[in-house]
Amino acid sequence: MPLETPARIVRALVSRGYNAEREAVTLIAGSDDPGVTLAQVVESVPDDALRITADHVRGVLASTPEADPPEVEPASGAPEKDPSVSPATPADQTEPVSETTPPEAKGSWSGRNTDPALRSLEIANDMTGQSTGTGEYDDFVKVFRDRYEKLSKMLRGRVNHRPAKAISKMSGGEDAELVGLVNDVRSTKSGHWIVELEDTTGTFPCLVMKDKDIAAYVDELLMDECIAVQGTLSGDAGILFVDSMHFPDVPRGHRPNTADRHVQAALISDVHVGSQEFMAEAWDRFADWLHTEEAANIEYLLIAGDMVEGVGVYPNQDEELDVVDIYDQYEAFSERLKSVPGDLDIVMIPGNHDAVRLAEPQPGFDDELRDIMSAHDATITSNPSMVTLEGVNILMYHGVSLDEVIAELPAEKASYDEPHKAMYQLLKKRHVAPQFGGHTRLAPEELDYLVMEQVPDIFHTGHVHKLGWGKYHNVLAVNSGCWQSQTDFQKSVNIDPDSGYAPIVDLDTLDMTVRKFS
Amino acid sequence: MREEDERYFARIEDRLDEAFELARAAKAQGHDPKTNVEIPVAKDMADRVENILGIDGVAERVRELEGQMSREEAALELVTDFVDGNVGDYDSREGKVEGAVRTAVALLTEGVVAAPIEGIDRVEILENDDGTEFVNVYYAGPIRSAGGTAQALSVLVADYARSLLGIDEYKARNDEAERYVEEINLYDKETGLQYSPKDKETRFIAENMPIMLDGEATGDEEVSGYRDLERVDTNSARGGMCLVMAEGIALKAPKIQRYTRQLDEVDWPWLQDLIDGTIGKDDGKDDAESADETDSDEGDEAESDVAADETSPDEPEGSVRVEPATKFLRDLIAGRPVFGHPSAPGGFRLRYGRARNHGFATAGVHPATMHIVDDFIATGTQIKTERPGKAGGVVPVDSIEGPTVRLANGDVRRIDDPEEAEELQNGVEKILDLGEYLVNFGEFVENNHPLAPASYVFEWWIQDFEATGANVQALRDDPTIDLEHPSVDDALSWATEFDAPLHPEYTYLWHDISVEQFDRLADAVAAGDIVAAEADGGTGVGVDADNEPEGGEQGTLVLEHTPGVRETLEHLLVAHRQTDDELRVPIWRPLARTLGLTDGRERTWTLDDLSDRAREWDAGDNAIEAVNEVAPFTVRERAPTRIGNRMGRPEKSERRDLSPAVHTLFPIGEAGGSQRDVGDAAREFGDSGKRGHVSVRVGKRKCPDCGAFGFKPKCEQCGGHTEPHYECDDCGTVVEPDESGRVYCERCEWDVESAEWQDIDLNTEYRNALESVGERESSFKILKGVKGLTSANKTPEPIEKGVLRAKHDVSSFKDGTVRYDMTDLPVTAVRPEELDVTADHFRELGYETDIDGDPLRFDDQLVELKVQDIVLSNGAARHMMQTANFVDDLLEQFYGLDRFYQMEERDDLIGELVFGMAPHTSAAVVGRVVGFTTAAVGYAHPYFHAAKRRNCDGDEDCVMLLMDGLLNFSKEFLPDKRGGQMDAPLVMSSRIDPSEIDDEAHNMDIVRQYPREFYEATLRMEDPDDWEDEVTIAEEYLGTDREYTGFDHTHDTTDIAAGPDLSAYKTLGSMMDKMDAQLFLARKLRAVDETDVAERVIEGHFLPDLIGNLRAFSRQETRCLDCGEKYRRMPLTGECRECGGRVNLTVHQGSVNKYMDVAIDVAEEFNCRDYTKQRLEVLEKSLESIFENDKNKQSGIADFM
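Residue numbers (the UniProt record's numbering), protein chains in the order written: chain A, 1 to 518; chain B, 1 to 1201.
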C-alpha cells in the first residue's frame, strides 16, 4: 500500500496543507488503513491547527469503530496479491460490495485525495475538431499511406526493406525482404498461402508454404495490416518464398510506466443509459461505492464509449428504448454521472451507440452534447485516444473492430469469451482496426489515428460487453463489461454479456481488481 | 364436356397440330440441338406428376384418387400408399417419407413446377436426445416455387408418414430453436421473406414442430450466434428451410389447420395459437407489434367475436366491426402512396360482389377513384390491402360508387364519371371518401376471412324491398321509375309505406358521426332556410339532372356555415356546396327526415328522449342507433367496413429482355464490348491477332455419319446431325452418357464435359449467317450475342436466328424464346367492342351467343369468355406481331419453309395461339388471342391464369408466340445449375382441365346475385365457408358439363380498361417526383394520416438509404476510371496498378447525402416524431463530420457580421 511509506503520508498531508510530527506519521502508517486514518485525522483536527500531532492521531484511532474497514476488503484478498491476468472468473475475485458497505462508512470518511499537484492527465491523439477529411479519394490514399509509413517504420529495423517495384525487377533465386500492407490472402490449390503485400510502389505476391511454422501466422492476418517478410525469390522471380514474417508488435521487453504513488483508475464502458436494459441499480451501487473509503484511491474514471443506447442504431430500436429522445438520454446519462464523486477525473470517448459519426476515428462529442454532459467537467476526447494518467499510457478505444477480429480469426486466437485475446492481436498489429472494407468503418483523415504509434501501458476497450483482461508483452489489456443486461438481440445471437462490473487498475503496479455490482 | 367445349378445344388443338407439323419439318433439318420439337404435350396432371418424379405407379393412383377427393387429401392419402409400399419401390423408411413428400409437392403444384425435384434434397432419420428417432427433411432453395401452402403441407405429409411409420417427433434442442430464430432473421435480412415471423413465433414453431426442418446452405452470410450445432451441417442460412418455416408454416397456418383437422393421426393443436396471433403477446415489449400481428388475416376472428357479442350487459354496446389491421402498411415504399389507413373513415367502403373482370385476388375500384387519387391507380396496379387477402390487382368497375370530394370552389360531391374525375382532378381540395371497393365473396373463402359487415347497397336493399309487400316487378317495369337511383319522393315513400330500410341512395354515413354531432346537425337543419334552387349552380352541386326532382317549392336548404356542421355534412357524404357563410344542401328532405324532423323541419325530439343504448352506442361515437330511434323508417349502416390499402407494384406490360438484351445465344467472350456486339466482335482483332477470331468455351460435337468434329448441331461436312462428344480431359477416353444422362469417366473418377475452349472464326461465321438468310448488316441496328454459355453442353444457337431477331427488334430469353411480360388480370365476360374487335371476329372464333343466350350480333354484346382465350395489351400485340414476322422470316429464309403467320395487320393475331408461362414453373399453357386492351395488363380467364399457377394479385408472367416456342426453345440452352429448369416450357398443356389447376380459382363465386341472408350474415361476421352453398363458387361445377361455363357476375362494368392507362408511378419521372406526389396525395386523403406516411417513407426509404450509403462509403471499393479495374482498398500508389490510370471512389459524397435535405424537410413539414428527426440529425452530423473539414468549414454570412 503506498500510504504506508511515511514520505507519502507526509506528502499527502502537505497537499492538504498540514505539517506533521514524526510520531504522528508513524502512527498513521501503522494503522490498519493509513489512507482512512489520514483522512479521518485531517477531518478531525481543529480548523486552526497547522501541524498534526500524535495526539490528534491517537484520538482518531481510538474513536474509529473496530468493525469499520475490514469487511470492505474483499474476502479473498486477491486484489492486493495477484489479480492480473488471472483466468479466474471475476465473481471469484471479488464480492459484491454494496451490501457490505455500511452506510456510516461514507460519513466517517473524509474523501479522496484531490490534490491537483499529484494528479496528471494528458490526452494525445485527440482528433476532435481536427477532422480535415472531406471524403475524397485522395483522403483515403493519404490515410493508408500514413498507416504504412508509421507501421513500416516499426519494422524497418528488423528487415531491410526493398520496394515491391524493385523486387519485381530482381532476378530469380535472390533473397528479398519486404514491408507491406496485406492486400490479399488466398490459398493455392495445394494448400499453400499467397499473401500479397503492398507498399507505396506496388504489390508483390509472397508464398507461405503450408508446412512452415509461419503458416500459422497466416490465420491471424487481417487485410490491410502491416507486416514484414524475408525470403527468397522464385526461379522466375515472380513470387517470394517466405522464410520469416514479422509484425510491428509490442517489444517483448516493454517496461510499462507506472505512477509513483498508489492511485487507481476505474475502467468502464458501455453504460447504455436509455436502454430498457440499462442496469440502474448496479450503476447506483457502483456510484455509491465510489464514495466509500474503499474506493478512496480511485481518482480516475475512464469510460470507453456507449454512454447511451442511442437512436436508430438498429431497426425498430425505439420499441426497446426506455428514453426515446437522444438528448434526454444524454441528460439521463449526465444524471448518472453526477452520482459518482465529483472529485474524480473522468475521461470519456464515444462508441458506436453514441450520437457521433460511426466511422473511425470518431471525434469526441459535439458542443451540444458536451453541454448536456457537463457534470464533473469530464474530459471528452476522440475514439481512440491515448490518455496518460500520472505517466501511465492508457489507450482508450471503443472496440468495434473486435467483432471483426473475433469473426476472422480462429476461436483460440480471439473469441467473445476472451475478448482480451482479440485485443492482443490488435496490439501485435499495432493498429486498433486494421481491416478495411469489412465490418469496421473508416473515415479518411490526413493521419491514421488508429495506429498505435506509442506502445500503451494499458489498452482499454469495450463494445463486446464481455469482461476480459490479461497481459500481452507486459501491456495490460482490459475489455470492460457493460451496464446493460442481456438484450433480445444478444439473446438471439447467443451473447451473454458481463454486466455490472468495474475493473479497477492500480496505476502504480498495473495490477487489476474487478468489482461486481450486479 | 359439352359439345361446344369439345369444338372449342378441337379448334385450338387443330391449330396446334398445324404448327407442330411445320415445326417438326423445320427441326428435322438439324440446325437445332435436337431434331424434334422439344416441348411435349402433356395429357393430364397425373402424367406430369409421374414424369417429374420418375416414380412408377403414381399417375395411376393419382387418377384413381382424383375423382374422390381434393388434391390435398389425395396427397395425404398417397402417404399411406407409400408407407405400405403400394406405390414406389422404397425399402427404407427414409425413402418412403421422401417419396410421399415429393409426391405431395408435385401434386399440389399440379406437376407444373420444379420444386418437387429440386426443392427437396433428401429425408433423413436421426436420433433425439432421449434416444427416440425423428424425421429430418432437407429442403433446397427451389422449394420456393411450390408456394407457401405446398411447402407447409409437405411438412404435414412428412409428419403423417412419420406417425404411420411409428417414428417419434422431433424434439428441438434449445440451441436449435434459437438457431431457427437467428437464421430466419438473417435470411429475411439478406434475401427477404414475404412474411417475417416474430422471434417468438419462430421459436414457438421450432419447439412444436414434430419434424426437423433442415436444408442446403443458400447464402454466404453466416449466423453469428448459434454456430457449429451438432445436428445442423452449416452455419449459413438454409434458404429452403427458412421459406418453409416462414412462408409455409407461419403464414399458412390456417390452411394447414384445415387438413390437420381431417387427420386422426396428426394433431397440431399449436397451430391455433399461431393463427390467433397470441404468440408473443404475453411479453409486454412486443405488445405494440403483436397487436399488429393479431390483426392480420384470420387473427381478428377472435377479437371480432368479442365485438360481436352484443348480449353482454356491462359492456357499452356498439356496431359489429372488423379490427383494423396495419400489416399492409409495413415496408411502405417511397413513391407508392397509401390510399387509406387501417379501417379509417374516408377510405374504401367494402361492397360485396363480383364484376366480370374481377375475382381471384383482385379489387374492384371505380375508375373515377383511379383518377381522383392523382392517377396512381391504373388497371392492373397492385394494391396491398388490409383485407380479406394481402394484395390484389385493381380492376376498374364503374357500377359501384365513385369518390366523394370537396372541390376548391366549395362543392362537396360524389364523382361517378371517370371523365369528370379527370377534369376535376386539379380542383380537388380534399378526398372525403374513396368510394366503394368491390370484393367478391370467394375472396373471403379463399382467405378464410370472416365475412366483414357489408355496406348497405342497392343489391341488398332491393331484396329487402322485395321481402316487403311491394310489387317490385311492377316498379321494375315502370319506365318512369329508376329503382337503383330513385327520386327523393319515391325513396321516401317506399321507406315509409313499406317496411324496407331507406334506399341506399339517400342513406348517409351516420355511423361516422357522433350522437352529439347528430344532435347539432338536427338543430342546424331545423334552423336552416329554404331558398329557391339557384340557377347559377353551374356545376350542379353533385346532383345529376335526372335524379334531381327537387327545386320548385322544395328549394335548397341553406345552413349557417360552422366548422362543426360542415364537418358533419362532409363525413355523412351529403352533397352540398360551401360558401364562406353558408352550407347549401340541394337534396335535403331525406336528410331532414332521417334527422327526425317533420316535413316542416321541426324538431320532435331532444337528446334526452334517446335511449341510453342509442346515446352510448359505440361510446357515443356512432349515431346510427340514434337515427333509428328518431327517423320514421329503418336506416342501415351505409359503410360499416372500410378497407385500408396502399399501392404495391405498378402494373406491367413490357417485353422481357435479358440485360443486356440478347439476340443470339452465341458466345463471343469479351469481344464486342459491353454491348456484346457480334458485328464489332467479328471485325475486331482478338488476342490471337486474327480478325474476328474469338476463343470461347463451346461444346464439342461429333457427326455420327462422317465422324467430323465441330460445334454446330448440323455437320458442316455432310449435313448430318451432330451429337455432343465427351472426351475425358485427363485420359482421353471417350465416354457416353449413362441412362440418367450422367457422363462419368470411370478411370479418372470424374464427370466429363463436352465443352472445351475453341477458337472460332466469328467473322466467317457471321458473314456466312448473314448470307444464308439473305440479310445485310444494315437491316438491323445491332446484333448482340452473349459472353459465354451457361448450359451443360454449351451448345450455341445458329447466328442466323439472331440476325433475324435483330432485324425484327425482338430479343431472346435464356432458353431461346421471345417473351412479353404482363400483369395478370381475370375476366369472365367481354364485349368485342372493348377489345377493339368486332362481333364478326368473335363469331369466327366460335362464339355464338351472348351471356343471356341471345345470338351474337353486335359489337357491344356481353359474351362469356372461353377458358383459354386471352386479351393482349397493345404493347404485347405489337411485340407478338414482331415475333410473328421474325418467325415467318426464320421459316422462310433459314429453314426454307412456308411462312406460318403472314401477319399484315394486328387483327391477324386474333385466333393465334400463344404460350402463357409463369416464373418458377416449368409448364406452359396454350392460350388463344381474342382481342386487345389499352390497359397494361394481360386479361384472361381466371382458369387460364390458375393453370399457370398464378392468381391476379399483381403477379405478372409472360406470353410467347406458339411457333417461336416450338422452333426456338431447347433444353440444351438452359443453365446448368440449381433452378435452371425453372421458367422454361419443359412441357405444355394444350387444354385446361379445371380440376387440375390451382384450386384458388375454384373459390371464385359465379352467381348473379348474393342472397339477402348473405348480407345479413356479414353483419354477424360469419364464417364464409358456411355460405358456399348459398353463393355458388366455381368448385361446384368441377367435373360436370358446366365446368367451362356459367361464370356469372353480380356487377357489370362499361370498360375493362377504364381509368388511366398507366399508373402515375410509371409516368412520373424521378423518385423525388413520385414521393412528392405521394405526400401530396396523403394530405388530400381524409383516410390517410400524412404524418404516418411521411414517417414511414423516412424510416423505410430515406434512412436506410442514408445509413446504407454512409456505411458503403466508409468501406467502399474503388475503381479505375480508365481500365475499370476494381480495388478492395485504395492503392498506396494512388493510381491504378494495372494501367496507371486515375482511380476513384465508387461511392461519393453526392450519392451518400442526396436525400439528407429532403428527408429533413419532410420530417419537419409533416411534423414527424422527435425520434425520427433526431435520427436524421445524428446522421446529418455524421455526414458533416466526414465530408467537411473542421478547419475549413463553410461559413455563412453571419460569420462576418
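Virtual Cβ for every residue (Gly too), placed ideally from N, Cα, C. Just so you know, these numbers come straight off a predicted model, no measurement behind them.
Would you report the Cα separation of Leu783 (chain B) and Asp366 (chain A), rounded to the nearest angstrom?
The sequence position of residue 783 (chain B) within the second sequence is 783, counting from 1. The sequence position of residue 366 (chain A) within the first sequence is 366, counting from 1. Each residue's Cα considered, the two are about 59 Å apart.
By alpha-carbon positions, which one of A:Lys153, A:Asp284 and A:Ser275 ends up nearest to Asp312 (chain A)?
Start at 1 with the first residue of the first sequence, and residue 312 (chain A) comes out as number 312. Note on identity: in this sequence residue 312 (chain A) is Gly, with Asp being the wrong assignment. Considering only alpha carbons, the answer is A:Ser275.
Beta carbons nearer than 8 Å to chain A: which residues of the region 171–196 of chain B have them?
Those residues of the region 171–196 of chain B that come within reach of chain A (Cβ to Cβ, closer than 8 Å) are Asp175, Glu178, Val181, Glu182 and Asn185.
Return the chain-ordered list of same chain residues with a C-beta closer than 6 Å to the C-beta of Asp976 (chain B), the five sequence neighbours on each side being excluded.
Start at 1 with the first residue of the second sequence, and residue 976 (chain B) comes out as number 976. Excluding positions up to five away in sequence, the list reads Ser791 and Ala792.
With a cut-off of 7 Å, does the C-beta of Val493 (chain A) fall near any C-beta of chain B?
In the first sequence, counting from the first residue as 1, residue 493 (chain A) sits at position 493. Output row for Val493 (chain A): interface = yes.
CB-CB under 7 Å to Asp618 (chain B), same chain, minus the five flanking residues each way: which ones, in chain order?
For the purposes of this step, residue 618 (chain B) is taken as residue 618 along the second sequence, with counting starting at 1. Counting only Cβ-Cβ distances below 7 Å, and skipping sequence neighbours, we find Gly318 and Ser319.
Determine, for Leu450 (chain A), whether the minimum Cβ-Cβ distance to residues of chain B falls below 7 Å.
Here the question's residue 450 (chain A) lines up with position 450 in the first sequence. No, no contact with chain B.
To the nearest angstrom, report how far apart Asp175 (chain A) and Glu445 (chain A) are at their CA atoms.
Residue 175 (chain A) sits at position 175 when you count from the first residue of the first sequence. Residue 445 (chain A) sits at position 445 when you count from the first residue of the first sequence. Approximately 36 Å between the Cα atoms of the pair.
Can you tell me whether Gln194 (chain B) is buried or exposed? The criterion is at least 16 other CB atoms within 10 Å of its CB, across all chains shown.
Within the second sequence, numbered from 1, the residue matching residue 194 (chain B) stands at position 194. The residue in question, Gln194 (chain B), is exposed, as its Cβ has fewer than 16 Cβ neighbours within 10 Å.
If I'm right that Ile52 (chain A) touches Pro34 (chain A) with Cβ under 8 Å, what's the distance once you round it to whole angstroms?
In the first sequence, residue 52 (chain A) corresponds to position 52, counting from 1. In the first sequence, residue 34 (chain A) corresponds to position 34, counting from 1. In fact, because the Cβ distance is near 13 Å, the residues do not count as touching under 8 Å.
Is any beta-carbon of chain D found at less than 7 Å from that of Ser131 (chain A)?
In the displayed structure, chain D is absent; the protein chains listed are A and B.
Could you work out which residues of chain B lie near Gly438 (chain A), taking near to mean beta carbons separated by less than 7 Å?
Your numbering for residue 438 (chain A) matches position 438 in the first sequence. Here the neighbours are Arg1115.
Helix, strand or coil for Asp993 (chain B)? Go by DSSP, reduced to three states.
Position 993 of the second sequence, counted from the start, is the residue given in the question as residue 993 (chain B). Asp993 (chain B): coil per DSSP, three-state reduction.
Let's test the definition: count the other Cβ atoms within 10 Å of the Cβ of Tyr1065 (chain B) and tell me whether it reaches 16, buried, or not, exposed.
The count along the second sequence starts at 1 and reaches residue 1065 (chain B) at position 1065. Classification of Tyr1065 (chain B): buried, given that the 10 Å Cβ count is 16 or more.
How big is the Cα-Cα spacing for Thr89 (chain A) and Asp498 (chain A)?
Counting from 1 along the first sequence, the entry for residue 89 (chain A) is found at position 89. Counting from 1 along the first sequence, the entry for residue 498 (chain A) is found at position 498. Its pLDDT being 40, under 50, Thr89 (chain A) is placed unreliably in this model, and the coordinates cannot settle the point.
In chain B, which residues lie with their C-beta within 9 Å of the C-beta of residue 532 (chain A)?
No answer is possible for residue 532 (chain A): it lies beyond the span of chain A, which begins at 1 and ends at 518.
If we count the other Cβ atoms within 10 Å of its Cβ and call it buried at 16 or more, is Thr507 (chain B) buried or exposed?
By 1-based counting over the second sequence, the position of residue 507 (chain B) is 507. It is buried - the Cβ of Thr507 (chain B) has at least 16 other Cβ atoms within 10 Å.
Any Cβ of chain B within less than 7 Å of the Cβ of Asp325 (chain A)?
Counting from one through the first sequence, the residue named residue 325 (chain A) turns up at place 325. Yes, because at least one Cβ of chain B sits closer than 7 Å to the Cβ of Asp325 (chain A).
Based on the DSSP secondary-structure assignment, which residues constitute the bridge partners of Cys715 (chain B)?
Taking the first residue of the second sequence as 1, we reach residue 715 (chain B) at position 715. DSSP output for Cys715 (chain B) lists no bridge partner at all.
What is the DSSP secondary structure of Gly86 (chain B), reduced to helix, strand or coil?
Counting from one through the second sequence, the residue named residue 86 (chain B) turns up at place 86. Here the sequence assigns Asn to residue 86 (chain B), which means Gly is not the residue at that position. In the structure shown, Asn86 (chain B) sits in coil (DSSP, three-state: anything other than H, G, I, E or B).
Answer with buried or exposed for residue 1258 (chain B), where buried requires no fewer than 16 other C-beta atoms within 10 angstroms of its C-beta.
No answer is possible for residue 1258 (chain B): it lies beyond the span of chain B, which begins at 1 and ends at 1201.
Counting beta carbon pairs with one atom in the region 743–757 of chain B and one in the region 672–682 of chain B, are three or more of them shorter than 8 Å?
At 8 Å Cβ cutoff, the stretches do not touch.
Given a cut-off of 7 Å on the beta-carbon distance, is the pair Gly364 (chain B) and Val397 (chain B) in contact?
Stepping through the second sequence from its first residue, residue 364 (chain B) is reached at position 364. Stepping through the second sequence from its first residue, residue 397 (chain B) is reached at position 397. Taking 7 Å as the Cβ cut-off, Gly364 (chain B) and Val397 (chain B) qualify as a contacting pair.
Give the DSSP-derived three-state secondary structure of His420 (chain A) in the structure shown.
Mapped onto the first sequence, residue 420 (chain A) falls at position 420. Looking at His420 (chain A) - three-state DSSP - the assignment turns out to be helix.
Hey, His371 (chain B) and Val395 (chain B): beta-carbon distance below 7 Å or not?
The residue labelled residue 371 (chain B) in the question sits at position 371 within the second sequence. The residue labelled residue 395 (chain B) in the question sits at position 395 within the second sequence. No, the pair does not count as a contact, with Cβ atoms beyond the cut-off.
Answer with yes or no whether the minimum CB distance from Thr134 (chain A) to chain B is below 7 Å.
As a working note, residue 134 (chain A) is residue 134 in the first sequence. Taking Cβ atoms only, chain B reaches closer than 7 Å to Thr134 (chain A), which makes this a yes.
Across which residues does DSSP place Gly202 (chain A) in a beta bridge pair?
One-based indexing of the first sequence puts residue 202 (chain A) at position 202. Gly202 (chain A) is bridged to A:Asp199.
Along the beta strand (DSSP E) that carries Lys471 (chain A), what are the first and last residues, could you check?
The count along the first sequence starts at 1 and reaches residue 471 (chain A) at position 471. Where Lys471 (chain A) is concerned, the enclosing beta strand (DSSP E) stretches over Gly468 to Tyr472.
With a threshold of 6 Å on Cβ separation, who are the neighbours of Thr232 (chain A) within its own chain once the five nearest residues in sequence on each side are excluded?
Looking up residue 232 (chain A) in the first sequence gives position 232. Once the five neighbours on either side are set aside, the close Cβ partners of Thr232 (chain A) are Asp175 and Phe241.
In terms of residue numbering, what span does the beta strand (DSSP E) encompassing Tyr138 (chain B) cover?
What you label residue 138 (chain B) is simply residue 138 of the second sequence in a count that begins at 1. Here the beta strand (DSSP E) through Tyr138 (chain B) covers Glu133 to Tyr139.
Starting from the Cα of Glu670 (chain B), find the closest Cα among B:Val786, B:Arg566 and B:Asp621 and give me that residue.
Along the second sequence, read from residue 1 onward, the residue named residue 670 (chain B) stands at position 670. When only C-alpha atoms are compared, the closest one is B:Val786.
Taking only runs that begin and end inside the region 188–272 of chain B, name each unbroken beta strand (DSSP E) of 3 or more residues, in chain order.
Correct list: 212–215.
In chain order, what residues of the same chain lie with their CB nearer than 6 Å to the CB of Pro453 (chain B), ignoring the 5 residues before and after it?
Translated into the one-based positions of the second sequence, residue 453 (chain B) becomes position 453. Excluding sequence neighbours, Pro453 (chain B) sits near Val320, Pro640, Thr641, Thr1018 and Leu1019.
Leaving aside the five residues before and after Phe489 (chain A) along the sequence, list all residues of the same chain whose C-beta is less than 8 Å from its C-beta, in chain order.
Looking up residue 489 (chain A) in the first sequence gives position 489. So the qualifying residues of the chain are Tyr314.
Would the region 1003–1022 of chain B count as touching the region 428–442 of chain B if we require 3 or more Cβ pairs under 8 Å?
Flag = yes, the region 1003–1022 of chain B and the region 428–442 of chain B touch.
Would you call the CB atoms of Asp448 (chain A) and Arg147 (chain A) closer than 7 Å?
For the purposes of this step, residue 448 (chain A) is identified with residue 448 of the first sequence, where counting begins at 1. For the purposes of this step, residue 147 (chain A) is identified with residue 147 of the first sequence, where counting begins at 1. Yes, Cβ-Cβ distance for Asp448 (chain A) and Arg147 (chain A) is below 7 Å.
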